[in-house]
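J.: The listed protein sequences correspond, in order, to chains U and H. Be aware that the first sequence starts at 8, since it is given in the working numbering, and climbs by one per residue. Be aware that the second sequence starts at 8, since it is given in the working numbering, and climbs by one per residue. Ideal Cβ placement from N, Cα and C applies to all residues, glycine included.
Number of protein chains: 2
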Amino acid sequence: MFKVGLATFENTTKRINSIIMGKDSYSLHDKIYVATDCIIFGFDDGVLKLLVFKRTIEPHKGIFSLIGSFVKLNESIKTAAERVLEEITGLKNVFMEELKTYNAVDRDPGYRCISIGQYALIKINDYDKDLVEKHNAIWYPFDELPELVLDHSQMVIDALTRLRSKARYQPIGFELLPTKFTLPQLQSLYEAIYQKKMDSRNFRKKVLSFGVLIKLEEKDKLNSKKGAFFYKFDHEKYEELVTRGINFEV
Amino acid sequence: MFKVGLATFENTTKRINSIIMGKDSYSLHDKIYVATDCIIFGFDDGVLKLLVFKRTIEPHKGIFSLIGSFVKLNESIKTAAERVLEEITGLKNVFMEELKTYNAVDRDPGYRCISIGQYALIKINDYDKDLVEKHNAIWYPFDELPELVLDHSQMVIDALTRLRSKARYQPIGFELLPTKFTLPQLQSLYEAIYQKKMDSRNFRKKVLSFGVLIKLEEKDKLNSKKGAFFYKFDHEKYEELVTRGINFEV
DNA sequence: AATTATTAACGTAAAAATTACGCTTATTAT
DNA sequence: ATAATAAGCGTAATTTTTACGTTAATAATT
Numbered sequence: 008m009f010k011v012g013l014a015t016f017e018n019t020t021k022r023i024n025s026i027i028m029g030k031d032s033y034s035l036h037d038k039i040y041v042a043t044d045c046i047i048f049g050f051d052d053g054v055l056k057l058l059v060f061k062r063t064i065e066p067h068k069g070i071f072s073l074i075g076s077f078v079k080l081n082e083s084i085k086t087a088a089e090r091v092l093e094e095i096t097g098l099k100n101v102f103m104e105e106l107k108t109y110n111a112v113d114r115d116p117g118y119r120c121i122s123i124g125q126y127a128l129i130k131i132n133d134y135d136k137d138l139v140e141k142h143n144a145i146w147y148p149f150d151e152l153p154e155l156v157l158d159h160s161q162m163v164i165d166a167l168t169r170l171r172s173k174a175r176y177q178p179i180g181f182e183l184l185p186t187k188f189t190l191p192q193l194q195s196l197y198e199a200i201y202q203k204k205m206d207s208r209n210f211r212k213k214v215l216s217f218g219v220l221i222k223l224e225e226k227d228k229l230n231s232k233k234g235a236f237f238y239k240f241d242h243e244k245y246e247e248l249v250t251r252g253i254n255f256e257v
Numbered sequence: 008m009f010k011v012g013l014a015t016f017e018n019t020t021k022r023i024n025s026i027i028m029g030k031d032s033y034s035l036h037d038k039i040y041v042a043t044d045c046i047i048f049g050f051d052d053g054v055l056k057l058l059v060f061k062r063t064i065e066p067h068k069g070i071f072s073l074i075g076s077f078v079k080l081n082e083s084i085k086t087a088a089e090r091v092l093e094e095i096t097g098l099k100n101v102f103m104e105e106l107k108t109y110n111a112v113d114r115d116p117g118y119r120c121i122s123i124g125q126y127a128l129i130k131i132n133d134y135d136k137d138l139v140e141k142h143n144a145i146w147y148p149f150d151e152l153p154e155l156v157l158d159h160s161q162m163v164i165d166a167l168t169r170l171r172s173k174a175r176y177q178p179i180g181f182e183l184l185p186t187k188f189t190l191p192q193l194q195s196l197y198e199a200i201y202q203k204k205m206d207s208r209n210f211r212k213k214v215l216s217f218g219v220l221i222k223l224e225e226k227d228k229l230n231s232k233k234g235a236f237f238y239k240f241d242h243e244k245y246e247e248l249v250t251r252g253i254n255f256e257v
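Below you can see the structure in the form of structure tokens.
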């Protein structure tokens, strides 16, 4: 791989900085800060929720905000997001995907800062409740969300749009459910995501036709008299079908 | 909107920098540079092409690369991309959309730099040929692309994947064609994007069923004996249908 | 001047997928 | 015992997609 010597590096850096600032000298504040913010989805008993937290320090003290962090020099953006996510929920290995960058010149007053939004889907019963509480984080139902700081409300809107289009052709819904779930639960998740009622008979037919669900012996007796069979997601089968190019449109 | 005073700003900056670097003092090179690279698509007589250029300065002199730039402090990422795009093709108001960020810690040797990939679709006969030539830029057919610098080859792969999934449900194909185009031309574009032959009768039926094409009097006599009618895209009708929530899956 | 080759354009039947809706079943509460 | 409730299975009607036959317009060829 190409490697620049120190002298060349000095020159290159100067040239880059002159491009960025339109001049050769620059002050310490002449830089673009890089941050990431996490849009964390959870699904709780038929309701789609979002994890937000109340800021305890300036700027924007007391206002609700997404969970985020500046990106360190020696970590990737995803690593930064995983770091804060673990810090606040205790969770590792969570489904997370880049949404888009938020980079309007004046999005953050005071200094130039871009943020890369990342949305995460978590199984809402797995997180560490003490940690969440300690960080002033709260699960809010989607339709009761408070106003968020800066452009964070827009991030949430964009993330929901993405979740909707993504859930259409990839079974990422399972990331939001417990490992064992029932078909009525799965349907209520899709109904929450798309904000519309679906026909249970057609939903069941469609979902089972993909062949990525394994029916378990056990039944969930908490939510109905008859009880609904638990299913689990067949990750192997899913990977196999994806490589074969199957369409999972729900 | 919240506004920090100067003193607070100093403190905030210090705190941010200590997060980023894990220390309070930092050298001039302790920053993440923000760049953008453009994946520029064109469609030329049945062949999907990409605009790349041969670097004339270090680093990576002589190697092919996408067209890109560092993002200036007072411009958005999109503005930066539009700036280089105009510089090299002379074109303004081009269809361009964020792809994703490329941010591996070691993606660029020498300094930490993230790049936001943006893909652009241009009508290949509109660009300024002298400008392109002056910048050592060349249109390459997709299947003859040379190896590109850094992670630029990956950007191209990702952009093509995005173009494919996007063209499925949004008529962005029109961005790659001249204002007046024939149905066989449109079909050959889709065949180039998806790398597969389609049935002309079904393609025609499907595309016309959306009701966003206006048939013109004029015929294109260059490509066939019979000649094919020109069509143009009905932007108004399209917007109307989008707001009504119509699905444009091709 | 008639014939051939080429590709645009139109149409229709078969197959597949989606939608709408009826009915039975298991279980708890009354 | 019976009623109430939601799960689970099935089937007909409708819509969409796919496959493919045919005609039409024109330039090149004989």
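Taking only beta carbons into account, state which residues of the segment 107 to 128 of chain H come closer than 8 Å to chain U, listed in chain order.
T.: So the close ones are 107, 108, 110, 111, 112, 116, 117, 118, 119, 121, 123.
J.: Between the beta-carbon of residue 120 (chain U) and the beta-carbon of residue 88 (chain U), is there less than 7 Å?
T.: Working through the first sequence from its first residue, we reach residue 120 (chain U) at position 113. Working through the first sequence from its first residue, we reach residue 88 (chain U) at position 81. No, the pair does not count as a contact, with Cβ atoms beyond the cut-off.
J.: Give the straight-line distance between the Cα atoms of residue 150 (chain H) and residue 71 (chain H), rounded to the nearest whole angstrom.
T.: As a working mapping, residue 150 (chain H) is identified with position 143 in the second sequence. As a working mapping, residue 71 (chain H) is identified with position 64 in the second sequence. Computed Cα separation, rounded: 15 Å.
J.: For residue 254 (chain H), return the contacting residues in chain U, with the cut-off set at a CB-CB distance below 7 Å.
T.: Walking along the second sequence from the start, residue 254 (chain H) turns up at place 247. None at all; the shortest Cβ gap to chain U is about 11 Å.
J.: Leaving out five residues before and five after residue 54 (chain U) in sequence, what residues of the same chain have Cβ atoms less than 6 Å from its Cβ?
T.: The residue given as residue 54 (chain U) occupies position 47 in the first sequence. Excluding sequence neighbours, residue 54 (chain U) sits near 148.
J.: Which residue marks the beginning of the alpha helix (DSSP H) containing residue 163 (chain H), and which one marks its end?
T.: Position 156 of the second sequence holds residue 163 (chain H). Unbroken alpha helix (DSSP H) run through residue 163 (chain H): 159 to 176.
J.: Can you tell me which of U:52, U:205, U:43, U:245 puts its alpha carbon nearest to the alpha carbon of residue 184 (chain U)?
T.: Taking the first sequence and counting its residues from 1, one reaches residue 184 (chain U) at position 177. Of the listed residues, the one whose Cα sits closest to residue 184 (chain U) is U:52.
J.: Would residue 204 (chain U) pass as an interface residue toward chain H - the criterion being a Cβ-Cβ separation below 7 Å?
T.: Along the first sequence, one-based indexing puts residue 204 (chain U) at 197. Residue 204 (chain U) does not count as touching chain H.
J.: Would DSSP call residue 104 (chain H) helix, strand or coil?
T.: The sequence position of residue 104 (chain H) within the second sequence is 97, counting from 1. Of the three classes helix, strand and coil, the one that applies to residue 104 (chain H) here is strand, per DSSP.
J.: At which residues does the alpha helix (DSSP H) containing residue 137 (chain U) begin and terminate?
T.: The count along the first sequence starts at 1 and reaches residue 137 (chain U) at position 130. Where residue 137 (chain U) is concerned, the enclosing alpha helix (DSSP H) stretches over 136 to 141.
J.: Measure the C-alpha to C-alpha separation of residue 223 (chain U) and residue 239 (chain U) and round it to an integer number of angstroms.
T.: By 1-based counting over the first sequence, the position of residue 223 (chain U) is 216. By 1-based counting over the first sequence, the position of residue 239 (chain U) is 232. Those two C-alpha atoms are separated by around 7 Å.
J.: Output the distance between the C-alpha atoms of residue 229 (chain U) and residue 207 (chain U), rounded to the nearest integer angstrom.
T.: Position 222 of the first sequence, counted from the start, is the residue given in the question as residue 229 (chain U). Position 200 of the first sequence, counted from the start, is the residue given in the question as residue 207 (chain U). Cα to Cα, residue 229 (chain U) sits roughly 19 Å from residue 207 (chain U).
J.: Would you tell me roughly how many angstroms separate the C-alpha atoms of residue 226 (chain U) and residue 218 (chain U), rounded to the nearest one?
T.: In the first sequence, the residue the question calls residue 226 (chain U) occupies position 219. In the first sequence, the residue the question calls residue 218 (chain U) occupies position 211. For residue 226 (chain U) and residue 218 (chain U), the distance between alpha carbons rounds to 20 Å.
J.: Given a cut-off of 7 Å, decide if residue 237 (chain H) and residue 182 (chain H) are closer than it, judged by their beta-carbon atoms.
T.: Here residue 182 (chain H) is taken as the residue at index 175 of the second sequence, counted from 1. Here residue 237 (chain H) is taken as the residue at index 230 of the second sequence, counted from 1. It is not a contact, given that the beta carbons lie outside the stated cut-off.
J.: Based on DSSP bridge pairs, tell me the residues matched to residue 41 (chain H).
T.: The sequence position of residue 41 (chain H) within the second sequence is 34, counting from 1. Per DSSP, H:121.
J.: Could you tell me how far apart the beta carbons of residue 178 (chain H) and residue 245 (chain H) are, in whole angstroms, since I believe they sit closer than 8 Å?
T.: Here residue 178 (chain H) refers to the residue found at position 171 of the second sequence. Here residue 245 (chain H) refers to the residue found at position 238 of the second sequence. Confirmed, Cβ separation roughly 7 Å.
J.: Tell me whether residue 39 (chain H) is buried or exposed, calling it buried when 16 or more other Cβ atoms sit within 10 Å of its Cβ.
T.: Numbered from its first residue, the second sequence carries residue 39 (chain H) at position 32. Burial call: buried.
J.: Mind listing which residues of the segment 70 to 89 of chain H have their C-beta closer than 9 Å to chain U's C-betas, in chain order?
T.: Here the close residues are 70, 76, 77, 78, 79, 80, 81, 82, 83, 84, 85, 86.
J.: What are the boundary residues of the alpha helix (DSSP H) that includes residue 212 (chain H)?
T.: Within the second sequence, the letter at position 205 stands for residue 212 (chain H). Unbroken alpha helix (DSSP H) run through residue 212 (chain H): 207 to 216.
J.: To the nearest angstrom, how far is it from the Cα of residue 110 (chain U) to the Cα of residue 162 (chain U)?
T.: Residue 110 (chain U) sits at position 103 when you count from the first residue of the first sequence. Residue 162 (chain U) sits at position 155 when you count from the first residue of the first sequence. Roughly 12 Å between the two C-alpha positions.
J.: Taking only beta-carbon atoms, is residue 38 (chain U) less than 7 Å away from chain H?
T.: Here the question's residue 38 (chain U) lines up with position 31 in the first sequence. Taking Cβ atoms only, chain H reaches closer than 7 Å to residue 38 (chain U), which makes this a yes.
J.: Apart from the five residues on each side of it in sequence, which residues of its chain come closer than 7 Å, Cβ to Cβ, to residue 205 (chain H)?
T.: Locating residue 205 (chain H) in the second sequence gives position 198, where the first residue counts as 1. For residue 205 (chain H), where only same-chain residues beyond five positions count, the Cβ hits under 7 Å are 194, 197, 198.
J.: So with CB distances below 7 Å, who are the chain H contacts of residue 41 (chain U)?
T.: Translated into positions along the first sequence, residue 41 (chain U) becomes position 34. Within chain H, the residues near residue 41 (chain U) are 39, 41, 121.
J.: Using a Cβ cut-off of 7 Å, pull out every chain U residue sitting near residue 151 (chain H), in sequence order please.
T.: Here residue 151 (chain H) is taken as the residue at index 144 of the second sequence, counted from 1. The premise fails here: residue 151 (chain H) is roughly 24 Å from chain U at the closest Cβ pair, so nothing lies under 7 Å.
J.: Consider the Cβ of residue 246 (chain U): report whether some Cβ of chain H lies at a distance smaller than 7 Å.
T.: One-based indexing of the first sequence puts residue 246 (chain U) at position 239. No, residue 246 (chain U) does not count as interfacial toward chain H.
J.: Would you list the residues sitting across from residue 238 (chain H) in a DSSP beta bridge?
T.: Position 231 of the second sequence, counted from the first residue, corresponds to residue 238 (chain H). DSSP, once it has assigned bridges, lists H:188, H:222 as partnering residue 238 (chain H).
J.: Name the residues in the segment 172 to 199 of chain H whose C-beta lies less than 9 Å from a C-beta of chain U; which are they?
T.: Going along the segment 172 to 199 of chain H in chain order, one finds 172, 176 with a Cβ nearer than 9 Å to chain U.
J.: Which residues in the same chain have their Cβ closer than 8 Å to the Cβ of residue 50 (chain H), if we skip the five residues on either side of it in sequence?
T.: As a working note, residue 50 (chain H) is residue 43 in the second sequence. Only 56, 131, 183, 184, 196, 199 meet the Cβ criterion.
J.: Just the C-alpha distance for residue 118 (chain U) and residue 117 (chain H), rounded to the nearest angstrom, thanks.
T.: On the first sequence, position 111 is the one that residue 118 (chain U) refers to. On the second sequence, position 110 is the one that residue 117 (chain H) refers to. Approximately 26 Å, taken between the alpha carbons.
J.: Give me the Cα-Cα distance between residue 136 (chain H) and residue 59 (chain H), rounded to the nearest whole angstrom.
T.: For the purposes of this step, residue 136 (chain H) is taken as the residue at position 129 of the second sequence. For the purposes of this step, residue 59 (chain H) is taken as the residue at position 52 of the second sequence. Cα to Cα, residue 136 (chain H) sits roughly 14 Å from residue 59 (chain H).
J.: Note down, in chain order, each residue of its chain lying with its Cβ closer than 8 Å to the Cβ of residue 76 (chain U), except the 5 sequence neighbours on either side.
T.: Reading the first sequence from its first residue, position 69 is the one you call residue 76 (chain U). The residues are 42, 43, 87, 88, 90, 91.
J.: So for residue 69 (chain U), helix, strand or coil by DSSP?
T.: By 1-based counting over the first sequence, the position of residue 69 (chain U) is 62. Correct three-state label for residue 69 (chain U): coil.
J.: Alpha carbon to alpha carbon, what distance is there between residue 242 (chain H) and residue 146 (chain H)?
T.: Position 139 of the second sequence, counting from 1, holds the residue named residue 146 (chain H). Position 235 of the second sequence, counting from 1, holds the residue named residue 242 (chain H). Each residue's alpha carbon lies about 28 Å from the other.
J.: Look at the Cβ atom of residue 108 (chain H), then the Cβ atom of residue 129 (chain U), and state whether they are nearer than 7 Å.
T.: As a working note, residue 108 (chain H) is residue 101 in the second sequence. As a working note, residue 129 (chain U) is residue 122 in the first sequence. Taking 7 Å as the Cβ cut-off, residue 108 (chain H) and residue 129 (chain U) do not qualify as a contacting pair.
J.: Looking at residue 106 (chain H): is its Cβ nearer than 7 Å to the Cβ of residue 169 (chain H)?
T.: Position 99 of the second sequence holds residue 106 (chain H). Position 162 of the second sequence holds residue 169 (chain H). In this structure, residue 169 (chain H) lies closer than 7 Å to residue 106 (chain H) by Cβ.
J.: As a quick exercise: from U:210, U:112, U:98, U:65, pick the residue whose alpha carbon is nearest that of residue 85 (chain H).
T.: Sequence index remark: in the second sequence, residue 85 (chain H) carries index 78 (1-based). The option with the nearest alpha carbon to residue 85 (chain H) is U:112.
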